[in-house]
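Novice: Residue numbers (this note's numbering): 778 to 961. For glycine and all other residues, C-beta sits at the position ideal for the given N, C-alpha and C. Keep in mind that this is a model prediction, so the values were computed, not measured.
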Amino acid sequence: DDAHVDAGDEAAASSPFTFHAHRLILNKCAPMLASLFGSYDEEIVKVSINDVKPAIFRHLLHYVYGGIVAEGELNNHAKDIINAADKYSIVHLKLEAEAAYVKSTKITMDNAIDNLLYADALNLALLKEVVVDFLAENHDEAIGSLSFDDVPGNVVRDLMVAFGRKMKCDTKEGSNDGLNTMRV
778 DDAHVDAGDE
788 AAASSPFTFH
798 AHRLILNKCA
808 PMLASLFGSY
818 DEEIVKVSIN
828 DVKPAIFRHL
838 LHYVYGGIVA
848 EGELNNHAKD
858 IINAADKYSI
868 VHLKLEAEAA
878 YVKSTKITMD
888 NAIDNLLYAD
898 ALNLALLKEV
908 VVDFLAENHD
918 EAIGSLSFDD
928 VPGNVVRDLM
938 VAFGRKMKCD
948 TKEGSNDGLN
958 TMRV
């Protein structure tokens, strides 16, 4: 039972790339991707995927088959890998790419809200924690210069807790032993 996937970027002028995969492996390791192939009635099924770049899709399949994605590739393509891994339910790859993204991205006032919204939209707990901590550390500047209009209420609540925790720690002058809050 083989599955053929034509993956290509519609904007690219090149012809689609064909990847071969086994439905049983996809079913076990990438259930959302496997669902595209339908039932096992047909021996070979061909599916076109136009929303993932071929290089990123190659990383997904390589990972699903037990390979690793090199750290440099994770760092260079973290967001694309996160998006594709999230879409096709490849959870461990998504977590690895998120960790690489956090490691390779400097959070600034200019990108904090975008990263916070991205983290909330894709349930990226580590990225969300890093951004919330950054905003809490720089709460005076954040409150004065950022607009929180587009930030969902649950995220604003998380920010308020972090700001409060930061101010509480500042007033106790480092007496917080770090055991009262759970971290990612």
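Which class does residue 911 belong to by DSSP, given the choice of helix, strand or coil?
Specialist: In this structure, residue 911 counts as helix in the three-state DSSP scheme.
Novice: When you compare the CB positions of residue 874 and residue 858, do they come within less than 8 Å of one another, or not?
Specialist: A contact, by the Cβ cut-off of 8 Å.
Novice: What number of angstroms, rounded off, separates the C-alpha of residue 843 from the C-alpha of residue 933?
Specialist: Going by the C-alpha atoms only, they are around 39 Å apart.
Novice: How far does the alpha helix (DSSP H) with residue 916 in it reach, from first residue to last?
Specialist: Per DSSP, residue 916 belongs to the alpha helix (DSSP H) from 916-922.
Novice: Could you pull out every unbroken alpha helix (DSSP H) segment of at least 4 residues lying fully inside the segment 834-917, listed in chain order?
Specialist: Entirely contained in the segment 834-917, the alpha helix (DSSP H) runs reaching 4 residues are, in chain order, 848-853, 855-864, 868-881, 889-898, 902-914.
Novice: Considering residue 823, what are the terminal residues of the beta strand (DSSP E) in which it resides?
Specialist: Where residue 823 is concerned, the enclosing beta strand (DSSP E) stretches over 821-826.
Novice: Using C-beta distances below 7 Å, list every residue in its chain close to residue 790, excluding the 5 sequence neighbours before and after it, in chain order.
Specialist: With a pLDDT of 44 at residue 790, under the threshold of 50, the predicted position of this residue should be treated as unreliable, and no value is reported.
Novice: Taking the alpha carbon of residue 896 as the reference point, which residue from 872, 862, 837, 905 has its own alpha carbon closest?
Specialist: With distances taken between Cα atoms, residue 896 lies closest to 905.
Novice: Would you kindly check if the distance between the Cβ of residue 836 and the Cβ of residue 850 is under 8 Å?
Specialist: A contact, by the Cβ cut-off of 8 Å.
Novice: Can you tell me whether DSSP reads residue 794 as helix, strand or coil?
Specialist: Three-state DSSP puts residue 794 in a strand.
Novice: In angstroms with no decimal places, state the Cα-to-Cα distance between residue 919 and residue 943.
Specialist: Residue 919 and residue 943: Cα-Cα distance of roughly 13 Å.
Novice: From this set, 915, 805, 893, which residue's C-alpha is nearest residue 930's C-alpha?
Specialist: Taking only the C-alpha atoms, the option nearest residue 930 is 893.
Novice: Considering only their Cβ atoms, is the gap separating residue 914 from residue 877 smaller than 8 Å?
Specialist: Taking 8 Å as the Cβ cut-off, residue 877 and residue 914 do not qualify as a contacting pair.
Novice: Is the CB of residue 912 under 8 Å away from at least one CB in chain D?
Specialist: Here chain D cannot be found, since the structure has a single protein chain.
Novice: Quick one: residues in its chain with C-beta nearer than 6 Å to the C-beta of residue 939, no 5 flanking neighbours on either side, listed in chain order?
Specialist: Around residue 939: 909, 913.
Novice: Taking its Cβ as the centre, do 16 or more other Cβ atoms sit within 10 Å of residue 962, making it buried, or is it exposed?
Specialist: The requested residue 962 does not occur in the structure, where the chain is confined to residues 778 to 961.
Novice: Tell me the rounded alpha-carbon separation between residue 795 and residue 879.
Specialist: Cα-Cα distance, rounded: 32 Å.
Novice: Only counting the same chain, and skipping five residues up and downstream in sequence, which positions put a Cβ closer than 8 Å to that of residue 886?
Specialist: 915, 918, 919, 922, 923, listed in sequence order.
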